[in-house]
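*Asks:* Residue numbers (this note's numbering): 10 to 267.
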């Protein structure tokens, strides 16, 4: 792959052992699990966070532009936090380049942290993602595809494990309004992200976006769904303010009224 040609710039006489040691050091520097930093979320995940050497899939809740943007930013926020741990680069492969760079930067994924790749088909994008995973020196790998069968996801899972690199697969398109996550997959986790109304403000303005974050499937764990505030400028999700600050008495009154 052209994006990894920098290796060839090293002297050919460089011992293979030195290159392998450098790669092993890059792999060991990355922690095995990335927690979200929310106990309400991390405690429901079998690994206490996202496995840093596994495949994770994401899809939009509905085929709308707003849900597509939410799912993209959810992925970008995770990628930004993986990249911030050791200042690694994110590899993002697409077939249709329509990413909005300022939007990614707002969740902590600036242009200096991303290496973009464009493929003309899903098969090419998946092949690039697999090669990038096995390279082992990236913060994480992101790929957007229309479809990926179980064989393709198994290859990605194995490559992520071999390279000790997290794989975020965005199943962006759907056929006949069928959820892209309905098929078989070897992913460790599968997420569905959608927009929900923001909390009304006491003054004119736009409140922090809110998402419906649904874990459709996870290995060794149960599915669940939470309503959370969208990623901040460091890629971190948050509990809705009303849930954090609601007084117990007020909650009891509301429950009785319901």
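By construction, the Cβ of each residue, glycine as well, lies at the ideal position given by its N, Cα and C atoms. These figures come from a predicted structure and were not determined experimentally.
Near residue 1, what residues of its chain come up, given a Cβ to Cβ distance below 8 Å and the 5 sequence neighbours on each side ignored?
*Replies:* With the chain represented from 10 up to 267, any question about residue 1 goes unanswered, as that position is not in the structure.
*Asks:* Quick one: measure Cβ to Cβ for residue 172 and residue 54, integer angstroms, because I've assumed they're closer than 8 Å.
*Replies:* What you label residue 172 is simply residue 163 of the chain shown in a count that begins at 1. What you label residue 54 is simply residue 45 of the chain shown in a count that begins at 1. No, residue 172 and residue 54 are not in contact; Cβ-Cβ is about 22 Å, not under 8 Å.
*Asks:* Using the Cα positions of residue 132 and residue 232, report the straight-line distance between them to the nearest angstrom.
*Replies:* Counting from 1 along the chain shown, the entry for residue 132 is found at position 123. Counting from 1 along the chain shown, the entry for residue 232 is found at position 223. Cα to Cα, the separation comes out at about 30 Å.
*Asks:* Could you check what DSSP says for residue 137 in three-state terms: helix, strand or coil?
*Replies:* Looking up residue 137 in the chain shown gives position 128. Note: residue 137 maps to helix in three-state DSSP.
*Asks:* Write down the C-beta distance between residue 235 and residue 222 rounded to the nearest angstrom, noting that I regard them as a contact closer than 8 Å.
*Replies:* Numbered from 1 along the chain shown, position 226 holds the residue referred to as residue 235. Numbered from 1 along the chain shown, position 213 holds the residue referred to as residue 222. The pair is a contact, with the Cβ atoms about 5 Å apart (cut-off 8 Å).
*Asks:* Curious, which full-length beta strand (DSSP E) runs of at least 3 residues does the stretch 58–124 contain?
*Replies:* 64–69, 99–103, all fully within the stretch 58–124.
*Asks:* So is residue 129 buried or exposed if we call it buried at 16+ other beta carbons inside 10 Å?
*Replies:* What you label residue 129 is simply residue 120 of the chain shown in a count that begins at 1. Exposed, by the Cβ-count rule.
*Asks:* In the DSSP assignment, the alpha helix (DSSP H) including residue 168 goes from what residue to what residue?
*Replies:* Taking the chain shown and counting its residues from 1, the one referred to as residue 168 is at position 159. Segment 159–172, the alpha helix (DSSP H) holding residue 168.
*Asks:* Do residue 74 and residue 58 have their beta-carbon atoms positioned less than 8 Å apart in this structure?
*Replies:* Counted from its first residue, the chain shown places residue 58 at position 49. Counted from its first residue, the chain shown places residue 74 at position 65. Going by C-beta atoms, residue 58 is not nearer than 8 Å to residue 74.
*Asks:* If you draw a straight line from the C-alpha of residue 121 to the C-alpha of residue 207, how long is it?
*Replies:* Locating residue 121 in the chain shown gives position 112, where the first residue counts as 1. Locating residue 207 in the chain shown gives position 198, where the first residue counts as 1. Approximately 31 Å between the Cα atoms of the pair.
*Asks:* Using the three-state DSSP reduction, which class does residue 144 fall into: helix, strand or coil?
*Replies:* Stepping through the chain shown from its first residue, residue 144 is reached at position 135. Residue 144: helix per DSSP, three-state reduction.
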